[in-house]
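**Student:** In our numbering, the protein residues as written are 58 to 277. Just so it is clear, CB atoms sit at the ideal spot from N, CA and C, and this is done for glycine as well. A quick note: this is a predicted structure, and the numbers were derived from the prediction, not measured.
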Amino acid sequence: MKLFSDSIGRKAVMAVSGLLMVLFVIGHLLGNLTIFAGADGLNGYAEHLHALPLVVWPTRVVMLVAVVLHVFFSIQITMENSNAKPDGYAVKHHLKATFASKNMIWTGVILGAFIVYHLLQFTFRVTPDVAAYAGEVPGNVFAMVTGALHATFVGVVYVIAMVSLFLHLSHGIQSLFQTLGLSNSAMLPRYSMTGKVASIIFLVGFGAIPVAILAGFLAA
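1) Kindly give me the distance between the Cβ atoms of Met71 and His127, rounded to whole angstroms, as I take these residues to be in contact under 8 Å.
2) Please confirm if the stretch 251 to 262 is in contact with the stretch 221 to 231, defined as three or more CB-CB distances below 8 Å between the two stretches.
3) Under 8 Å: do the stretch 73 to 80 and the stretch 117 to 134 share three or more Cβ pairs, one atom per stretch?
4) Express the C-alpha separation of Phe263 and Thr116 in angstroms, rounding to a whole number.
5) Report the three-state DSSP secondary structure of Leu233 (helix, strand or coil).
6) Which whole-angstrom value describes the C-beta separation of Leu271 and Gly212, a residue pair presumed to lie in contact below a C-beta threshold of 8 Å?
7) Could you tell me if Gly145 is buried or exposed, where buried requires 16 or more neighbouring beta carbons within 10 angstroms of its beta carbon?
8) Counting contacts by CB-CB distance shorter than 9 Å, is Ala157 in contact with chain B?
9) Would you tell me roughly how many angstroms separate the C-alpha atoms of His228 and Ala170, rounded to the nearest one?
10) Do the stretch 189 to 205 and the stretch 157 to 169 make contact, defined as three or more Cβ pairs closer than 8 Å?
11) Taking 9 Å as the threshold (C-beta atoms), are Tyr215 and Met201 in contact?
12) Please report the distance separating the alpha-carbon of Pro110 from that of Gly88.
13) Which value, in whole angstroms, describes the spacing of the CA atoms of Ser249 and Gly192?
14) Hey, could you find the ends of the alpha helix (DSSP H) Pro246 is sitting in?
15) Leaving out five residues before and five after Ala218 in sequence, what residues of the same chain have Cβ atoms less than 6 Å from its Cβ?
16) So what's Ala208 in DSSP terms, helix, strand or just coil?
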């Protein structure tokens, strides 16, 4: 319990949960990129996941716990440090403040809202644009995704979310390593570069999907 009550412990929980989410994002990106293989690619990937419930459901549970802990402690720590200079993960006075580091809480809020919307749309399928696919398991996922993201508003929402992901992780990845005590003066620049490169890959990879659909390169 001290892990959750102690400031350093809570930041460590945030770092570990953040790392779990980064790993999930990597796997999610690799799966989502199958959309560029056409309907057979994305639908085949969806069917493969549906055939692995013993992998998918435990992963969902772990990620749900990770997200809840990450959000809860980020809000708590930000509120506790509201009169100081909150950093979101750990106190790093020697790091130069950037736009991404100063707005971690806000990019996190955007991502949290997007995750809820994304789940309602493509997992629970309750939003009006995908309601017709609600009874399909997994169904024509390619048509569902391209149809939904073809709407300009929805596509722009996804692009904004991916920009927020880029900003959040460009600072968050280096921060989590430092919070876990894995960083030093020699490794910090490498972790910083790793965070920036990974964030760019996520931005380009995820962002290319709504852009390609809006541009008409991907259509059912």
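**Tutor:** Checking against the coordinates, here is how it stands:
1) 6 Å
2) yes
3) yes
4) 20 Å
5) helix
6) 4 Å
7) Any reading at Gly145 needs caution, since the residue's pLDDT is 47, under 50, leaving its predicted position unreliable; the model's value is listed next. Buried, because 16 or more other Cβ atoms sit within 10 Å of the Cβ of Gly145.
8) Among the chains of the structure shown, chain B does not appear; only one protein chain is present.
9) 20 Å
10) no
11) no
12) 16 Å
13) 45 Å
14) 245 to 271
15) Phe171
16) coil
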